[in-house]
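Contents: one structure, followed by commentary.
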Ligand code: FES
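Residue numbers (our numbering): 7 to 87.
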C-alpha cells in the first residue's frame with residue numbers, strides 16, 4: 007500500500023507506515039526547514055531535537071520524524087530562528 011502527500015506543491019509517494027521524514031528522504035529531500043539561514047532536516051530522528059519540524063495540514067511544529075505520513079497530507083516548510 008502506498009501513500010501520497012503534497013510537498014512544495016508537488017505530490018510525492020511513500021510506503022504505508024513511513025514517517026513524513028521517511029517519505030521526504032526517499033524522494034530526495036534532505037532539508038525542509040530554515041533556521042537562521044541554515045538548512046535543517048533530520049538530525050536525531052527520535053523526536054528530541056525538533057530540527058525536522060514542518061507544517062502538516064495547517065498544523066505548525068509537527069516533527070517529521072515522528073508523524074506517520076497519511077494519504078493526502080499537505081506538507082509546508084517552516085522558517086524558524
Ligand atoms: S529529527 Fe530530531 S525531532 Fe525529528
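In this text, a Cβ means the ideal position worked out from N, Cα and C, and glycines have one as well.
Please read all numbers here as calculations on a predicted model, not as lab measurements.
Under 7 Å between C-beta atoms of residue i and residue j
i	j	result
residue 26	residue 73	yes
residue 9	residue 75	yes
residue 15	residue 29	no
Span of the beta strand (DSSP E) around residue i
i	result
residue 29	No beta strand (DSSP E) holds residue 29; the alpha helix (DSSP H) holding it covers 26-32.
residue 21	16-21
residue 57	Premise fails: residue 57 is in no beta strand (DSSP E) and is neither H nor E.
Closer than 6 Å: residue i CB and nearest the ligand FES heavy atom
i	result
residue 48	yes
residue 24	no
residue 57	yes
residue 39	no
residue 53	yes
Per-residue DSSP class, three states only, for residue i
i	result
residue 70	coil
residue 49	coil
residue 80	strand
Taking 8 Å as the threshold, find out whether the stretch 39-46 comes into contact with the stretch 56-67 through three or more Cβ pairs. yes
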